[in-house]
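Asks: Pasting a structure here, questions to come.
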Amino acid sequence: MLPQYRKVYELLRKHILDGVYQEGDILPSENELCRLHKITRPTVRHALSKLANDGLIHQHQGKGSIVHRIPHDIGILSVSGTTSAIGKKILKTHILSGPKIIAWPEKFLFDLSPVELESGCIYLERVRLVNEIPLFYDISYIANINLPRFCSRSFENKSLFEILRKSYAIEIKGGIQRLKAIPAEDVIIDLLKVKKGKPILYLERKLETSRPNFFVYSTLFCNTETHSLYGAF
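Note that the sequence shown ends on residue 297 in our numbering; no numbers are left out.
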């Protein structure tokens, strides 16, 4: 069961990303949120603090919580994820494979613990589109540890980070990533609709989570012709 602050955070976050609150709008006051949700002021402040940490609001003394501009750049480098950066309305996710349980690839991107190796991984392969333009080809690897019914969930047009957060109380906290430019070839040409040899940004990521010793790994191929990338760890 979600803590009270998380329920308020998720609701306000959804309303901001769905456009119920636009840039510059002021969220209901702390007192109004307390009365509406029948919770204490510290609980409301916890929820608002998380929204501020996500970059979705600015908190101003005497003015309240003001909705921040949803960036047009792509937050694939941010722990809040792509969906948080650009909103659900213009982002689509198409599942190419998975989620399914497989053995870890023999030559993996990062060193794995014995428990990770023994448990196998959940494999998820996606293409993500913004305004119908395919921008990311994304392969995720997650240790198959205490994620009940994960493979039975639908990820079509849904956020991996959001499902981990809402259903398993796992939050992305930071991580490491390796980036390089590579020429587009073979499957990337077809999936991202780019010309052969066009530079593509390639990322390898190991994301730390709120669950001790539990990581999310991924490889991403990014078409940055129409959108820049932003974010910080």
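By construction, the Cβ of each residue, glycine as well, lies at the ideal position given by its N, Cα and C atoms.
Note that the structure is a prediction, hence the values are computed from the model and not measured.
What residues in its chain sit with their C-beta under 7 Å from that of Leu160, if we drop five residues either side in the sequence?
Replies: As a first step, residue 160 is located in the sequence shown; it is residue number 96 there, counting from the start. Taking C-beta separations shorter than 7 Å and ignoring five residues to either side along the sequence, the partners of Leu160 in its chain run Glu189, Arg190, Val191, following chain order.
Asks: Alpha carbon to alpha carbon, how far is Tyr187 from Leu81?
Replies: As a working mapping, residue 187 is identified with position 123 in the sequence shown. As a working mapping, residue 81 is identified with position 17 in the sequence shown. The straight-line gap from Cα to Cα measures roughly 27 Å.
Asks: Count the other CB atoms within 10 Å of the CB of Lys114; is the residue buried (16 or more) or exposed (fewer)?
Replies: Looking up residue 114 in the sequence shown gives position 50. Its Cβ being crowded by 16 or more others within 10 Å, Lys114 is buried.
Asks: Cβ of Ser183 within 8 Å of Cβ of Val280?
Replies: Reading the sequence shown from its first residue, position 119 is the one you call residue 183. Reading the sequence shown from its first residue, position 216 is the one you call residue 280. Not in contact: Ser183 and Val280 (Cβ atoms no closer than 8 Å).
Asks: Using the Cα positions of Glu249 and Phe200, report the straight-line distance between them to the nearest angstrom.
Replies: Your numbering for residue 249 matches position 185 in the sequence shown. Your numbering for residue 200 matches position 136 in the sequence shown. The alpha-carbon of Glu249 is positioned some 14 Å away from that of Phe200.
Asks: I'd like to check one pair, Arg217 with Ile227: are the Cβ atoms closer than 8 Å?
Replies: Translated into the one-based positions of the sequence shown, residue 227 becomes position 163. Translated into the one-based positions of the sequence shown, residue 217 becomes position 153. Going by C-beta atoms, Ile227 is nearer than 8 Å to Arg217.
Asks: For Pro198, name the three-state secondary structure that DSSP assigns.
Replies: Position 134 of the sequence shown, counted from the start, is the residue given in the question as residue 198. Note: Pro198 maps to strand in three-state DSSP.
Asks: Specify the secondary structure class of Thr107 as computed by DSSP and reduced to three states.
Replies: Along the sequence shown, one-based indexing puts residue 107 at 43. Note: Thr107 maps to helix in three-state DSSP.
Asks: Measure the alpha-carbon distance for Ile253 versus Lys260 and round it to whole angstroms.
Replies: Here the question's residue 253 lines up with position 189 in the sequence shown. Here the question's residue 260 lines up with position 196 in the sequence shown. If I take the Cα positions, the gap works out to 6 Å.
Asks: Note down, one range per segment and in chain order, each beta strand (DSSP E) of at least 3 residues found wholly within the segment 217–292.
Replies: List check, beta strand (DSSP E) in window: 236–247, 263–273, 279–286.
Asks: Please state whether DSSP places Val84 in a helix, a strand or coil.
Replies: Translated into positions along the sequence shown, residue 84 becomes position 20. If DSSP states are grouped into helix, strand and coil, Val84 belongs with coil.
Asks: Would you mind giving the Cβ-Cβ distance between Ala245 and Ile264, rounded to the nearest angstrom? I have them listed as a contact below 8 Å.
Replies: For the purposes of this step, residue 245 is identified with residue 181 of the sequence shown, where counting begins at 1. For the purposes of this step, residue 264 is identified with residue 200 of the sequence shown, where counting begins at 1. At roughly 7 Å, the Cβ-Cβ gap stays under 8 Å, so Ala245 and Ile264 are in contact.
Asks: Report, in whole angstroms, the separation of the C-beta atoms of Glu235 and Ser282, which I expect to be a contact under 8 Å.
Replies: In the sequence shown, counting from the first residue as 1, residue 235 sits at position 171. In the sequence shown, counting from the first residue as 1, residue 282 sits at position 218. Between Ser282 and Glu235 the Cβ distance is about 16 Å, and since that is not below 8 Å, they are no contact.
Asks: On the premise that Pro163 lies in contact with Phe219, defined as a C-beta separation below 8 Å, what is that separation, rounded to the nearest angstrom?
Replies: By one-based count along the sequence shown, residue 219 stands at place 155. By one-based count along the sequence shown, residue 163 stands at place 99. The beta-carbon separation of Phe219 and Pro163, rounded to 7 Å, stays under the 8 Å limit for a contact.
Asks: Using only the alpha-carbon positions, how far apart do Ile138 and Glu289 sit?
Replies: By one-based count along the sequence shown, residue 138 stands at place 74. By one-based count along the sequence shown, residue 289 stands at place 225. Its pLDDT being 47, under 50, Ile138 is placed unreliably in this model, and the value from its coordinates should be taken loosely. If I take the Cα positions, the gap works out to 12 Å.
Asks: Give me the Cα-Cα distance between Leu97 and Gln123, rounded to the nearest whole angstrom.
Replies: For the purposes of this step, residue 97 is identified with residue 33 of the sequence shown, where counting begins at 1. For the purposes of this step, residue 123 is identified with residue 59 of the sequence shown, where counting begins at 1. Cα to Cα, the separation comes out at about 15 Å.
Asks: I'd like the list of long-range same chain contacts for Phe172, defined as Cβ closer than 7 Å, with 5 residues on each side in sequence excluded.
Replies: Translated into positions along the sequence shown, residue 172 becomes position 108. No residues qualify anywhere along the chain.
Asks: Give the secondary structure of Ala207 by DSSP, where H, G and I count as helix, E and B as strand, and everything else as coil.
Replies: Taking the sequence shown and counting its residues from 1, one reaches residue 207 at position 143. Reduced to three states, the DSSP call for Ala207 is strand.
Asks: Can you find a CB in chain D that lies within less than 8 Å of the CB of Asp202?
Replies: Among the chains of the structure shown, chain D does not appear; only one protein chain is present.
Asks: When you compare the CB positions of Gly119 and His132, do they come within less than 8 Å of one another, or not?
Replies: Position 55 of the sequence shown, counting from 1, holds the residue named residue 119. Position 68 of the sequence shown, counting from 1, holds the residue named residue 132. In contact: Gly119 and His132 (Cβ atoms closer than 8 Å).
Asks: Once you ignore the five residues that flank Ile165 on each side, which residues in its own chain have a CB closer than 8 Å to its CB?
Replies: Here the question's residue 165 lines up with position 101 in the sequence shown. Cβ neighbours of Ile165 beyond the five flanking positions: Gly184, Cys185, Ile186, Tyr187, Asn208, Cys215.
Asks: Helix, strand or coil for His79? Go by DSSP, reduced to three states.
Replies: Start at 1 with the first residue of the sequence shown, and residue 79 comes out as number 15. Residue state, collapsed to three classes: helix.
Asks: Quick check on the DSSP output: the alpha helix (DSSP H) that includes Pro178 runs from which residue to which?
Replies: Position 114 of the sequence shown, counted from the start, is the residue given in the question as residue 178. Counting along the chain, the alpha helix (DSSP H) containing Pro178 begins and ends at 178–183.
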